[in-house]
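Here's the structure, in structure tokens; my notes come after.
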Amino acid sequence: MASSEHNEPESRDSAPQRRSLFGRRIGRPLSAQKKEALERWLPVLSIPHEKLSSPGTLQPSSLFNRNFSSVWFEIGFGYGEHLSALARKNPQTAFLGAEPFLNGMAALLSDIDAAPMDNVRVLMDDALILARALADDTLDGIYILNPDPWHKTRHQKRRIVNRKNLDIFHRILKPSGLVVMTSDVEPMAEWMVTQASLHPGFEWTASKSEDWQVPPEDWIKTRYETKGAKNAKKMSYLFFRKKDETPQKPLA
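Next comes the structure, spelled out in structure tokens:
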């Protein structure tokens, strides 16, 4: 059960709220190439903070110079392999990505520097700041891939998937929009299924075990999933849909 803290209604009457981000923002020193890419592309692709100051008002279309058929948001994109590959494969789709850690942002922008694309915008900060700023019914989907499981019981309130945040995701998703979640940590996967299933506005798309045990066709695997995940063979692929009559197809 979600705590009362996670059941508070979302407020739109205040400036962007900042939660504590636990852990390091900077890891290994950046290479010269990544530093150059960061300096070149972060000012160009960053979502201006002034656009985040009024909760519930940001239209993704205002961030781009052309129109797109759909908009997806990746929360905590790590080193950006998934976000970059999807953006290249789907040039008519706009992608928003939030990652607070410098090394991950530098890795993504280094990839973009090698082959520029115009359908990505980023925020090097807490993803919830962007989520709160977005207007209602503006996203086709949200990716939350391998979020920190926060194993200790006293730290579970830090998990990104909870009732309060699901309320935000529900608000900003279009009808039939998807929340796509993965984890190789079984207790975390169970937690995400429980939290999303208990939310009245979402429904789990799985009808058989293979639907969540086997990656979808053309799934893009990250370095974490292919090399770093000790239990990658136990990866769970969880698709929850905002309840509506017209299903939304996942991107591949």
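All residue numbers for the sequence shown refer to our numbering, where the first residue is 7 and numbers rise by one. Positions of the beta carbon are idealized from the N, C-alpha and C atoms, including for glycine. Being a predicted model, the structure only gives us computed values, none of them experimental.
Between the C-alpha atoms of ARG247 and SER60 there is a straight-line separation of about 27 Å. Excluding its 5 nearest sequence neighbours in each direction, GLU80 has C-beta neighbours in its own chain below 6 Å: LEU89, GLY103, TYR149, listed in chain order.
DSSP places ASP217 in the uninterrupted alpha helix (DSSP H) bounded by 216–219. The beta carbon of ARG177 sits closer than 6 Å to the beta carbons of ASP142 from its chain, once the five residues preceding and following it are set aside; these are given in chain order. Of SER37, ASP146, ASN171, TYR243, the smallest CA-CA separation from GLU223 is found for TYR243. ALA100 is bridged by DSSP to VAL77. Taken through DSSP and simplified to helix, strand or coil, MET187 comes out as strand.
Following the DSSP letters along the chain, one finds VAL199 in no beta strand (DSSP E) but inside the alpha helix (DSSP H) bounded by residues 192–204. Here DSSP, grouped into helix, strand and coil, assigns ASP117 to helix.
Judged by DSSP in its simplified three-state form, SER182 adopts strand.
When rounded, the separation of the alpha-carbon atoms in PRO153 and GLY84 is 10 Å. When DSSP states are grouped into helix, strand and coil, ASP146 belongs to the strand group.
Taking a contact to require three or more Cβ pairs closer than 8 Å, the stretch 105–120 and the stretch 183–197 do not qualify as touching.
The straight-line gap separating the alpha-carbon atoms of GLN39 and ASP190 is approximately 32 Å. Scanning LEU204, LYS240, THR211 for the CA closest to the CA of SER182 turns up THR211. In this structure, GLY62 sits away from GLY86, with a CB-CB distance that is not shorter than 9 Å.
With respect to ASN125, PHE70 sits close: the two C-beta atoms are nearer than 9 Å.
Distance between PHE101 and VAL128, taken at the CA atoms: about 8 Å. When DSSP states are grouped into helix, strand and coil, LEU36 belongs to the coil group. With a beta-carbon spacing of about 16 Å, TRP156 and ARG169 fall beyond the 8 Å limit used to define contacts.
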